[in-house]
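Engineer: My structure is below; once you've seen it, I'll send some questions.
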Amino acid sequence: MGICHSYTPDGRCISLLKLLLTNMCIWDCSYCINRKSSEVKRARFTPEEVVRLTINFYKRNYIEGLFLSSGIIQNADYTMEQLIRVAKLLREEELFGGYIHLKAVPGASKDLLLEAGKYADRLSANIEMPVQEDLDKLAPEKTLVEIENTMADVKFGIDDAKDRG
Ligand code: SF4
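The numbering of the sequence shown is the working numbering, which starts it at -13 and goes up by one.
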């Protein structure tokens, strides 16, 4: 948890509350402190808690938006649904007009990534490793095909949003 900086499409530098919904993870990427085999202490926010924190910081002018990611909770889709729930509550219940950056969970369904794009200003996916052999060694639950599909779905969502104006 912390404050990070990001640039909007019009070049403004903004402060974002950077949070993990949870540092629990069922996957075991060897480069990650939050991997399942790590002995780090675990914690998990509910979507409602993240919404409250974001709104409280936003109203005090500490932040201009939220950057939310998460460890993998049950599976990729469930995790993505939880991230979307935060963004949806912020937009629809709190009428939040700040910036929302969501991390696209690798392997999440295209429909969920499209839904995330309805609420988020930015969706991003990590490239991780460029070849499957390295993923097998370092991030055994991730596949290059799924990561590439996630990136393609994010791009599709962006193009779709542009077409809709
Ligand atoms: S999936 Fe993400 S949070 Fe989980 S171990 Fe890999 S890098 Fe860490």
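Where a beta carbon is used, it is the ideal one built from N, C-alpha and C, also for glycine.
Considering Cα atoms alone, identify which of Thr32, Leu3, Glu67, Ser16 is closest to Asp120.
Structural biologist: Ser16
Engineer: With distances taken between CB atoms, is the gap from Pro33 to Leu75 smaller than 8 angstroms?
Structural biologist: yes
Engineer: For the beta strand (DSSP E) containing Ile19, list its first residue and its last residue.
Structural biologist: Premise fails: Ile19 is in no beta strand (DSSP E) and is neither H nor E.
Engineer: Please say whether Glu132 and Ala125 have beta carbons closer to each other than 8 angstroms?
Structural biologist: no
Engineer: For the structure I just gave you, are there three or more beta carbon pairs, one from the segment 20 to 33 and one from the segment 85 to 101, closer than 8 angstroms?
Structural biologist: Taking a cut-off of 8 angstroms on C-beta distances, the segment 20 to 33 does not touch the segment 85 to 101, as fewer than three cross pairs fall below it.
Engineer: Could you tell me the alpha carbon to alpha carbon distance between Ile(-8) and Gln118, rounded to whole angstroms?
Structural biologist: For the sequence presented, residue -8 should be read as Ser rather than Ile. Their Cα atoms are separated by approximately 30 angstroms.
Engineer: Rounded to whole angstroms, how far is the Cβ of Ile12 from the Cβ of Ile58, which I believe are closer than 8 angstroms?
Structural biologist: 5 angstroms
Engineer: Would you mind reading off the limits of the alpha helix (DSSP H) that contains Leu100?
Structural biologist: Unbroken alpha helix (DSSP H) run through Leu100: 96 to 105.
Engineer: Phe53 lies in the beta strand (DSSP E); which residues open and close that run?
Structural biologist: Element bounds for Phe53: 51 to 55.
Engineer: Quick check: what's the CA-CA separation for Thr8 versus Ser95?
Structural biologist: If you take the alpha carbons of Thr8 and Ser95, they lie about 20 angstroms apart.
Engineer: How long is the line joining the alpha carbons of Val37 and Phe31, rounded to whole angstroms?
Structural biologist: 10 angstroms
Engineer: Only counting the same chain, and skipping five residues up and downstream in sequence, which positions put a Cβ closer than 6 angstroms to that of Phe142?
Structural biologist: Around Phe142: no qualifying Cβ.
Engineer: According to DSSP, simplified to helix, strand and coil, what is Tyr(-7)?
Structural biologist: strand
Engineer: Would a C-beta distance cut-off of 8 angstroms place Leu109 and Gly51 closer than the cut-off?
Structural biologist: no
Engineer: Between Ala62 and the rest of its own chain, which residues show a CB-CB distance below 6 angstroms, the 5 nearest in sequence each way excluded?
Structural biologist: Val91, Gly93, Ala94
Engineer: Sort Glu134, Phe82, Asp149 by Cα distance to Leu39 and report the nearest one.
Structural biologist: Phe82
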